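Asks: Shown below is the structure under consideration.
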Amino acid sequence: MMQSRILLTGATGFIGRQLVQQFPVARCVVRPNEESPCEDSFEIEGLTANTVWDGAFEGIDAVVHLAGLAHSSTFTKDDYQTVNVDGTLRLANEAALAGIKRFVFVSSIGVNGQGTTDSPFSVASEPHPHNDYAQSKYDAEQKLAELSASTGMEVVVVRPTLVYGPKAPGNFGLLTRLVKRLPMLPFGIANNRRHFISVHNLCDLLVTCANAAQAAGHVFLASESAAISTREFTDAIAKGLDKNVWQVPIPISLMRLGASMIGKPALAEQLFGNLEVDSSNLSSVLEWTPPYTLEQSMQFLKVTHQ
């Protein structure tokens, strides 16, 4: 497999920095005064419909697009439109005009919905973006498909499940802090089913999508191994950190009530609800399997938190 020369956006973020550590990246996109993890960097003031990309694509074969606004209550629908949709399309249009062959867009599993009930999400599932962030990612996906059809630039869409690993933000960071600080956790009877992917495995997948000819035009739901419960997941975190925890059997209904009372019902859904995906096309199309098991991925936590 020929190795593409990659332009990476979002290079200073959680996933971007890990990707640069694992793989050679030709050029990183950064903001002025940001410390770049790459030797060769291209500076932009921000990601909008007016971003100037002149010179960014020289010597580049593929773009891996990680940059964008993440899910946060501080951003408005217009904010997401400006960055995640308009900014993405500006980048992709300029890449196509420059003759870039492959554009890998990191979307979100939220495009499929908030959670699963009867059957796992698959690439054939009807999209149900559940918030403005997820809607912006879906809108960008659709516009990228149109751009691909009109220009011939190959687009690959990756929708990751929750990404975990050293220094991960969001819910994984919260769970890791709980494991480190508390001898007891409230997940003793949390028997939900969720899929996850480690940042190390996701980076491997993104580079595969940038290089593999058969990836062109596909959507991939990024996950690893079998679905596991929050109890099993936090046990794995504890093992990775060499911590002993006792899982207390607190009723799920009580945990959901408590989360609602403090204004965080979405957190309860993410901790106790189901989110399963059928990621079988990673194997059938890409012939890709995660290089790291859950246990191996969690071992990286030990090094980071020593």
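Counting from 0, one number per residue, gives the positions in the sequence shown under numbering that gives the first Met the number 0. All residues carry an ideal CB built from backbone N, CA and C; glycine is no exception. Treat the numbers as computed from the prediction; the structure is a model and nothing was measured.
If I follow the unbroken beta strand (DSSP E) through Cys27, where does it start and stop?
Replies: Residues 26-29.
Asks: Check whether the stretch 169-178 touches the stretch 218-227, counting contact only when three or more Cβ pairs, one atom from each stretch, lie closer than 8 angstroms.
Replies: They do not touch, by the three-pair rule.
Asks: Could you tell me the distance, in whole angstroms, from the CA atom of Met183 to the CA atom of Ala25?
Replies: Approximately 45 angstroms, taken between the alpha carbons.
Asks: Tell me where the alpha helix (DSSP H) around Pro289 begins and ends.
Replies: From DSSP, Pro289 is part of no alpha helix (DSSP H); its letter is neither H nor E.
Asks: Helix, strand or coil for Ile14 per DSSP?
Replies: Three-state result, Ile14: helix.
Asks: What are the start and end residues of the alpha helix (DSSP H) that includes Phe104?
Replies: Counting along the chain, Phe104 falls outside any alpha helix (DSSP H), though it belongs to the beta strand (DSSP E) covering 101-105.
Asks: Does the distance from the C-beta atom of Asn210 to that of Gln2 stay below 8 angstroms?
Replies: For Asn210 and Gln2, yes; Cβs fall inside 8 angstroms.
Asks: Which same chain residues, not among the five before or five after Thr8, have their C-beta less than 6 angstroms away from its C-beta?
Replies: Excluding residues within five positions, the ones whose Cβ falls inside 6 angstroms are Val28, His64, Leu65, Ala66.
Asks: So for Arg4, helix, strand or coil by DSSP?
Replies: Three-state DSSP puts Arg4 in coil, outside helix and strand.
Asks: Within the same chain, show all residues whose beta-carbon is closer than 6 angstroms to that of Ala310, passing over the 5 residues directly before and after it, in chain order.
Replies: One cannot answer for residue 310 here, as it falls past the ends of the chain, which runs 0 to 305.
Asks: Evaluate the contact criterion for the stretch 194-214 versus the stretch 137-146: three or more CB pairs, one atom per stretch, below 8 angstroms.
Replies: Taking 8 angstroms as the limit for Cβ pairs, the verdict is that the stretch 137-146 does not touch the stretch 194-214.
Asks: For the stretch 120-136 and the stretch 240-250, state whether three or more C-beta atom pairs, one from each stretch, are separated by less than 8 angstroms.
Replies: The stretch 120-136 vs the stretch 240-250: no contact.
Asks: Only counting the same chain, and skipping five residues up and downstream in sequence, which positions put a Cβ closer than 6 angstroms to that of Ala97?
Replies: Correct list, in chain order: Phe56.
Asks: Among the residues of its own chain, which have a CB less than 6 angstroms from the CB of Phe195, if the five just before and after it don't count?
Replies: Thr160, Leu161, Tyr163.
Asks: Of all the beta strand (DSSP E) runs that stay within the bounds of the stretch 127-195, which reach a length of 3 or more residues?
Replies: Counting whole runs of 3 or more residues, the stretch 127-195 contains the beta strand (DSSP E) stretches 153-159, 161-163.
Asks: For Ser121 versus Asp277, is the C-beta spacing smaller than 8 angstroms?
Replies: Contact flag set, yes.
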